[in-house]
Each structure stands twice: as structure tokens, then as C-alpha cells.
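So the sequences go chain by chain: A and B.
Numbered according to the numbering used here, the first sequence spans residues 2 to 415.
Numbered according to the numbering used here, the second sequence spans residues 20 to 459.
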Amino acid sequence: MTPSMMATKSWVGVLAVIAVFAMHQPIPADDWPNYRGPNHNGISAESRWTDHFSDGGPRIAWRSNVGVGFSSVAISDGLVFTLGNSDDQESLFCIDSQTGKNLWKHSYECSLDDRFFEGGPTSTPTVDSEKVYSMSRQGDLFCFDKRSGKIIWSKNVRAETDVRVPGWGFASSPVIHGDRLILGVGEAGLALDKHNGEVIWKSGAGEAGYMTPLPFQLGNRWFALIASGKFYQCVDLENGLVVWRHRWLTTYGCNAASPIVVGSQAFFSSGYGRGAVLVDLSEDSCKVVWSNKEMQNQLNSSLLLDGMIYGFDGDEGGDVQLKCMEFATGAEKWSLGGLGSGSLTAANNRLIVLSQSGELVIAPATPAGFAPTARAKVLDGKCWTAPVLCNGFIYCRNAAGDIVCLDVQTQPKE
Amino acid sequence: MTVPRRTFLQSTMATGIALGAAPAIHALSKGKKYRTALIGSGWWGMNILKEAMAAGNCQVVALADVDQDVLELAAEKVTTLSGDKPATYEDVREMIDKEKIEIAIVATPDHWHALNAIAAIGTGAHVFVEKPTGHTILESRAMLNAARAANRTVQVGLHRRIGPHYVSGMKFLKDGLAGDIGMVRMFVHGGGGKEKPTPNSAPPENLNWDLYCGPAPLRPYCRKIHPGGFRNFLDFANGTLGDWGVHWLDQVLWWSGEKFPKKVFSSGGRPISGVPILNDNEQTTDTPDSQIAVYEFENFTATWEHRKFAGNAAEKHSIGCYFYGTKGTFHMGWRDGWTFYPLDSKQPTVHVDAEHQEPDGHSIKLLWADFIDAIESGKKPTCDIEIGHYATNLSLLGMMSYKLGRSLEWDGIKEQVVGDAEANKLLRREYRGPWKYPES
Chain A
2 MTPSMMATKS WVGVLAVIAV FAMHQPIPAD DWPNYRGPNH NGISAESRWT DHFSDGGPRI
62 AWRSNVGVGF SSVAISDGLV FTLGNSDDQE SLFCIDSQTG KNLWKHSYEC SLDDRFFEGG
122 PTSTPTVDSE KVYSMSRQGD LFCFDKRSGK IIWSKNVRAE TDVRVPGWGF ASSPVIHGDR
182 LILGVGEAGL ALDKHNGEVI WKSGAGEAGY MTPLPFQLGN RWFALIASGK FYQCVDLENG
242 LVVWRHRWLT TYGCNAASPI VVGSQAFFSS GYGRGAVLVD LSEDSCKVVW SNKEMQNQLN
302 SSLLLDGMIY GFDGDEGGDV QLKCMEFATG AEKWSLGGLG SGSLTAANNR LIVLSQSGEL
362 VIAPATPAGF APTARAKVLD GKCWTAPVLC NGFIYCRNAA GDIVCLDVQT QPKE
Chain B
20 MTVPRRTFLQ STMATGIALG AAPAIHALSK GKKYRTALIG SGWWGMNILK EAMAAGNCQV
80 VALADVDQDV LELAAEKVTT LSGDKPATYE DVREMIDKEK IEIAIVATPD HWHALNAIAA
140 IGTGAHVFVE KPTGHTILES RAMLNAARAA NRTVQVGLHR RIGPHYVSGM KFLKDGLAGD
200 IGMVRMFVHG GGGKEKPTPN SAPPENLNWD LYCGPAPLRP YCRKIHPGGF RNFLDFANGT
260 LGDWGVHWLD QVLWWSGEKF PKKVFSSGGR PISGVPILND NEQTTDTPDS QIAVYEFENF
320 TATWEHRKFA GNAAEKHSIG CYFYGTKGTF HMGWRDGWTF YPLDSKQPTV HVDAEHQEPD
380 GHSIKLLWAD FIDAIESGKK PTCDIEIGHY ATNLSLLGMM SYKLGRSLEW DGIKEQVVGD
440 AEANKLLRRE YRGPWKYPES
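Below is the structure:
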């Protein structure tokens, strides 16, 4: 069992896998230590939360502002980490999850790079036990002590690798795999020693896609799916070799959404007319099971729940639809407009959707349709950052960097 | 302008037939599919081509682009949408030699418009070219002269002359419902801030950077230029005034019936984004982050202003033209349609919503139909090259004044700046390498 095999066909199955996973690599049950969560699938294992609240919305535990950007939150031991940009200074914030108080922050020069969007960081920090790792749009990579904010090591990935910065900067969040730190930098990723930042392997200098590498296991070997702007690639995590690649040329090289791996199958999706594909993968090749244009994840990734993919189809500014699609066949089950270029997470078989305009909408995840049990406007401005549910709180963020922490606990904690 | 022999023969023949049997030609052409090529196959070029394909009157035979990835994506999209399997070319010259093109769509960065449009006209094609017509005034003049010499239809992508709310708004103005107009103010405001330099890098393997630069200087590549960033680099375009400005300046010409101003002055700079940087290691954009231009016409004065900071929409409208009249203030907008604010507070505000196609709020469908109609009827299209030329000239005169830091007195008949040899040098530019400036 592997983290990436998490999204199996039944919720019971998912819980069973979590148990196994927890033994494999202990993570406190309530933590969300990295982008897309502990299982790299965007789904939370939380059950102690309510999907019913009044139109006024859930109680706001706290608000904060971290500056412009699209970084989501990583949460570990009551510490919330995220990135934002103000006045061409990018900062990593460490916030108390209970009070919203800034515990520490580290700032460094980094241009906003607001070309065709608000700019600012697009990656999310990653916590690994007592360390937190972060990467900027321009490739500034840091390893901090998560409690004190002391820098353990730092470097700029450009200086070490000569990679070309992709058109909209680096968007990969750091991924910890054993002693290694894996990044979507270069054509097919970059691996560093997580303890000191030394390069273990690197790939060609060409432009990375905008996704976060997704580790998975086949047999007893570990691989990662890593996108460039032209391909999805299966990279051997031991040595960085590309064992196969699937042509996936997307306008602007914008392969941003995380793939979904289940067993020996992987789902990829991109916007700009590219569409989606399900492939059978092996250690040396991949074979297309189905492909269609009905699910185009431009910015945010889809989720897989009980054999169904839920995600946003279409390009920002166009007719974007929240859709449900059968994983096995690519058959569309339902489609719903009006949420803009939104994003989603899930827990307890409920979709937790944040619309582009800041409306939080919760509905059961079912191919029968989208029937919200709760909805409330929680933020103004543009929201492209996926919400995070952790420890009974939902964290939402807009492009301007306003963060709202919403209390959805079923009962107040001690 | 030298007209190639083949073009000369074709245009002579076309004229002869048109004189004798124009109605028959028109009837015959119904259902005709024009052999169509797209030159510059990126985002905007494909938006035009999609409308052309949807109209059902073109067979897409060729695509050109200096970026192989862009070409591959465009060809795939064309095949998906129409079933056509266009040949793809990195070099337009090769395409022109091999394909018998009847319509060319030119949607490259500005610095390539003139060479591509004139080459297409030279092969006998009708041309749909994006605004601005030229990157310098004499390029634009050469395009106009080439179109006339070869009797080809050339439509410029000024879709704001045909979009429904612009048409109804202009009728409102011309009917005198805003009274006598004494002044026009054009403006485009958006957000932004200080600009940090972007590191130069080797161009992506899929990009022929030398050919991208073409007649322009071969500056170092950086990711901010391509894809999608050329407008902010003066080597390839003319900033906001050379982009948005052309649309709104054209509204002023449309409303007034004028072709050119008597005097132009422009001032601006980069007080917020900072001094432009270009060295071996890094670069910034170099177009003004804020600019004002004053156009003095025979009977009125129009002003342009743009700003790429404080984009917080504190004013009622952030894009468009105010026409100030004796009966009130008329705003011609984009997505916000048009609105008339009457002076008489007892009168209601008059508003018409915008009707656009997406993406990016345009009316290419109407403009394309008008283009085909012009080809088939022999009439001038709504956004004929001459109209595009005059609108473009206004923006380019503004940029010349901005660069020189002084007012320009413009002889619009001779297309010369009066008594300013240095300014007249800016009517053209030096071309690089084998590229020859088009002679008008």
C-alpha cells in the first residue's frame, strides 16, 4: 500500500489505507503537512467537522493577511505555514492555528512577477517532522526549523542547475521522499538531500510544468510523475531517470494540475484545450485507457472519491464547470457552472468547494449531482487557492493574501 | 513598392472580371472555401482562426509560427475543430512560396505585421491583420499602398468598429444625443508596480528566437517576452498606447470623421516600474507604465492616458473614452457597454450593455463576415487598411513624441512631421540582417 494508492473505491478502503500509511510514515492524524495533504490527493481524513452551517457562514476563528499569492496552507503541530508577497518581498509565515497570530516569518527579495495575474508565490510549504521547506516563484529554496524559523539551509535552484525558469515561475511545492527533497524544477525534476540541500540528481534545463511531483510505488520501486510543459514523465526516484514519458503539450507549458494515481493507473489533466487522459502505467511504459476533452484542469487539481473524479473543467475567464467524471471510463456524470475557476478539497465524502469569488460550498460527493448542504461567502476577491480542512477548521485564501480560518468543529475542543 | 508579376497579373485579371461580371462572381463565391493561412499561431491568432473556421468559408491550408510547440498545438486544434490538416511552417517565406494562399491572417507581434502582410498581398492573398498595422508609420503606409496596388482586401482587427454596443453608442453620439462634443478623453488603467529584472536565458528549443526577432534587434531572450509579452518591449511593439490606444483612437476618428491630428504631444515614463534594464544577464520591459498624449485636431482636442498602477477602480470606469458634450458625458466602454450621463439631472442615465464574444470580449465573428463580404462584393471592409493606418498612426505619433520629448506638428497629407528631421527619422526604423524595410 502506498500513499498514492489512497483513493480506492470505497471510503472504508481509504480509511484502511490511511491506517497502513500512518504506520509506514507516521504523521499526526490532524496534520496537513503539505500541498494536497498527507496523501498527496487533496482529501482530508477528518471526520470531526460539520457540513451544515447557516448562510452567515461558520464562525470565523481568525483572519490574517500574508500578501499576494496563491500558496495554500501546510499545517503541522498547530503551526500554519504559507507564502505571500508584499512589495517584492516574499515571506514564509508561521501562524498559530488557534489564534491566527504570526509566530515568525522570513522575508527575502522576490519579484511579484504579476504577468497576466496577481503574481506572488504559487507553491505551498512542506513540513517534514521539525523542518519546513519552501520554494519561491524564482527558485529560492529554504529549509527552516519549523518552530524557531531558523534557516537550516537555503539556496536558489537556478544557481545550482542552470534550469530555465518557466514563464510563470516555479510553482512546484517541495515533496519529501525519505531523505530526499523532490521538486518540479527542470524538465523532469530535481532531487536534493533534504538535510543539506545537496543535489542528488537533476534533469535537463528546459521549462518545468507547474505541477508538484507525485511520488508513487510500483512493485518495490518508487517513481514520481513530473510534468514539463510538453510531457508527463515517470521518473525513477532513485536516479532521476525518465523511464517513460507521455506527450502532453499544453499551451504556455501549463501542466499544473496534480495527477491522480490509483494502483497502476494515472489520470492527468490540463486546460487550454488539452483535456484529460487515463493511462495504465508500468515500470517502462504507459498506455492510454481513455482520453477526452471533458475535464480540463487549468489551475487546480481534481479529486478522486469512490471511483469518481471531481474537478474544475475549463480555462479561467471562460465557461468553467465543476464536473463529476467516472475515473474508469471518463464518462461525465454531471456538470455545474457558476463557481468560476474554483478549487476543492474533500473529507467524509463531502466536497468542500471554494468558488473563484470566495463562496464556500459543501456538498456530498456523488455522481447523482451536486446538492449543497451549506454555502457561505467567506472571502472577497479572486480565490484560486484550494481550501484546506484540518483539525476542524477550514482555511481559505484569496489572491490578495487574506486568509480566513473557519470553525467547522462539531463540538468545541478542550 | 514593387509588385511581383504574378500579383500584377492576378489583380489585373480580377479587375477585368469584376468590371464585366461582378454579380456572377459574387454568386459563384457562395459556399467558396478560401485557402486560408494563419501567420502567428498563438492565442490571438487562433481566436481569429476559430471564428474563420466557424464561419465555414475557409479551408485552413497552412499555419506559420516561429515556435514549434505553438505550431503543433494550433495544428491539432484546427484538425479537431474543422478536420483540416494544415501544413506547418516556421518561416513565412517558405509558406508563401509553397501554398497558394487566398486569405492570410496576420497575428504576429507588431514588428512582423508589415513584412508578413505585404508578402501575403504580394502572393495575391487578401489579408486580415491585427492592429496596429505597422510598428513604424512607413511600414503601415507600405501596407496600405501594397493593398491598393494589388487591389486586395485588407481588414484590420479593429473589432470595436463593428461590435454592437460600439455601433449603437456611435449612433447615439452622431445623432447628437450627447449634444456638441467639445473634448474626448481616452484612457486605460490597470494594476501593476515596480518591475524587477528577469534573468535572460537561452531560448526554449522549440523557439527560433532569431526569426522571432526578425527585422527587430536580436535582443537576449527572456521568458517575459515570449509567449505573450511582446507588447511591453519597444523592439516588438509600442506599449499600451500601441495596443489599447489604437482601439480608442480609432473611436475618436470614427466619431469625428478625421484622419489625422494637427499636433501631437505625449509625456510619460516609468516612474513606478523603474528605469528599463537590458544587459547580458537580465532585462525588464521598456514601455511606459504611464503616459499622457494630447491630440489636437482641427475642431477639438482628444487626450489619451494610461496607468499601470493604482488599478483599484476608484473612478467609475477604468477603460474607454469619455465624450464630453453639451448635453452630458458619454462613456464608451468595453465590458461595461456604453453609458450616457445627462447634464440634466431629471433625465435618466442611458445605458447599453456590451455584447461580446469570448475570450477577451471581442466581435471577430462580425468582423470576419464583413471581411468575406468585402472580398466578395469588392466593397471596402469596415476596418479597411486605410482606417487601420490612420488609427495606428495616431498611436505611433504619440510614441514618437514620447520618445523625443517634444510636440510634433503633423502634415497628415504628406505624412511628415513639419520641420523636424529627427522626428521624421522615427517614421521608419533600421531593419536587421537580411530583412528589408518595405518601401512605400
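No residue lacks a Cβ here, since even glycine has one placed at the ideal position from N, Cα and C.
Pick from the options that is closest to residue i, judged by C-alpha positions
i: B/Thr55; options: B/Asn66, B/Ala93, B/Thr99, B/Ile120; result: B/Ile120
i: A/Ala46; options: A/Phe371, A/Val278, A/Gly359, A/Asn350; result: A/Asn350
i: A/Asp56; options: A/Leu390, A/Asn392, A/Arg165, A/Leu361; result: A/Leu361
i: A/Pro216; options: A/Val243, A/Ile227, A/Glu208, A/Ala209; result: A/Ile227
i: B/Gly61; options: B/Ala94, B/Lys281, B/Ala73, B/Ala388; result: B/Ala94
i: A/Ser130; options: A/Phe145, A/Asn197, A/Thr123, A/Pro214; result: A/Phe145
i: B/Phe255; options: B/Gly143, B/Asp129, B/Trp353; result: B/Asp129
i: B/Tyr450; options: B/Leu237, B/Asn225, B/Ala136, B/Trp273; result: B/Leu237
i: B/Pro502; options: A/Asp163, A/Cys406, A/Glu199, A/Leu282; result: Outside the shown range of chain B (20 to 459) lies residue 502 of chain B, about which nothing can therefore be said.
i: B/Gly210; options: B/Trp323, B/Ile291, B/Val125, B/Val271; result: B/Ile291
i: A/Gly120; options: A/Glu91, A/Asp97, A/Thr251; result: A/Glu91
Per-residue DSSP class, three states only, for residue i
i: A/Tyr36; result: coil
i: B/Glu395; result: helix
i: A/Ala23; result: With a pLDDT of only 39 at A/Ala23, under 50, the local geometry of the prediction cannot be trusted, and the value read off the model is given with reservation. Note: A/Ala23 maps to helix in three-state DSSP.
i: A/Met212; result: coil
i: A/Asn298; result: strand
i: B/Thr107; result: strand
i: A/Ala329; result: coil
i: B/Thr411; result: helix
i: B/Glu405; result: helix
i: A/Val405; result: strand
i: B/Tyr456; result: coil
i: A/Ile28; result: Any reading at A/Ile28 needs caution, since the residue's pLDDT is 47, under 50, leaving its predicted position unreliable; the model's value is listed next. The answer is coil: DSSP assigns A/Ile28 none of H, G, I, E or B.
i: B/His45; result: The pLDDT assigned to B/His45 is 45, lower than 50, so where the model puts this residue is not dependable; a value taken from the coordinates is nonetheless given after this. Note: B/His45 maps to helix in three-state DSSP.
i: A/Phe94; result: strand
i: B/Asn443; result: helix
i: A/Val128; result: strand
i: A/Asp314; result: strand
i: B/Thr320; result: strand
i: A/Ala400; result: coil
i: A/Gln99; result: coil
i: B/Leu460; result: One cannot answer for residue 460 of chain B here, as it falls past the ends of chain B, which runs 20 to 459.
Chain B contact residues for residue i, given Cβ-Cβ distances below 7 Å
i: A/Glu208; result: Pro223
i: A/Phe269; result: Ordered by position in chain B, no residue passes the 7 Å Cβ test against A/Phe269, which lies about 16 Å from the chain.
i: A/Asp89; result: Lys213, Lys215
Neighbour list for residue i in chain A, Cβ cutoff strictly below 9 Å
i: B/Glu301; result: Neighbours of B/Glu301 on chain A: none; closest Cβ ~11 Å, over 9 Å.
i: B/Glu377; result: Gly318, Gly319, Asp320
i: B/Asp305; result: Here the premise fails: no neighbours, minimum Cβ distance about 15 Å.
9 Å Cβ cut-off: residues of chain B touching residue i
i: A/Tyr253; result: Trp62, Pro246, Gly247
i: A/Ser112; result: Lys213, Glu214, Lys215, Pro216, Thr217
Chain-ordered neighbours of residue i on chain A, where CB pairs are closer than 7 Å
i: B/Lys96; result: Gly274
i: B/Leu92; result: Leu250, Thr252
i: B/Glu395; result: The premise fails here: B/Glu395 is roughly 31 Å from chain A at the closest Cβ pair, so nothing lies under 7 Å.
i: B/Lys243; result: Arg116
Proximal chain A residues relative to residue i, where beta-carbon distance stays under 8 Å
i: B/Asp84; result: The contacting residues do not exist; B/Asp84 stays about 12 Å from chain A at best.
i: B/Pro218; result: Arg159, Val166
i: B/Arg167; result: None at all; the shortest Cβ gap to chain A is about 37 Å.
i: B/Asp88; result: Gly230, Lys231, Leu250, Gly254
Amino acids of chain B, ordered along the chain, whose beta-carbon sits closer than 8 Å to that of residue i
i: A/Phe71; result: Chain B residues near A/Phe71: none, gap ~16 Å exceeds 8 Å.
**Study point:** beta strand (DSSP E) segments (min. 3 residues) lying fully within the segment 130–204 of chain B
**Key:** Complete beta strand (DSSP E) runs here, min 3: 145–148, 173–175.
Review point. In chain order, which alpha helix (DSSP H) runs of at least 4 residues are fully inside the segment 137–214 of chain A?
Key: Counting only runs of 4 or more, we get 158–162.
Practice item. Could you pull out every unbroken alpha helix (DSSP H) segment of at least 4 residues lying fully inside the segment 53–114 of chain B, listed in chain order? Key: You should have 62–74, 87–101.
Check your understanding: Residues in the segment 269–294 of chain B with C-beta within 8 Å of chain A's C-beta atoms, listed in sequence order?
Key -> So the list is empty, because no residue satisfies the distance condition.
Review point. Using Cβ-Cβ distances below 9 Å, what residues of the segment 308–327 of chain A are close to chain B?
Key: Contacts with chain B (Cβ-Cβ distance below 9 Å) from the segment 308–327 of chain A involve Asp316, Gly318, Gly319, Asp320, listed in chain order.
Check your understanding: Taking a cut of 9 Å between CB atoms, which residues from the segment 219–232 of chain A lie near chain B?
Key -> Taking 9 Å as the Cβ-Cβ cut-off against chain B, the residues of the segment 219–232 of chain A that qualify are Gly230, Lys231.
Point to revise | Against chain B: residues of the segment 137–161 of chain A by CB proximity under 7 Å | key: Under the 7 Å Cβ criterion, the segment 137–161 of chain A contributes no residue.
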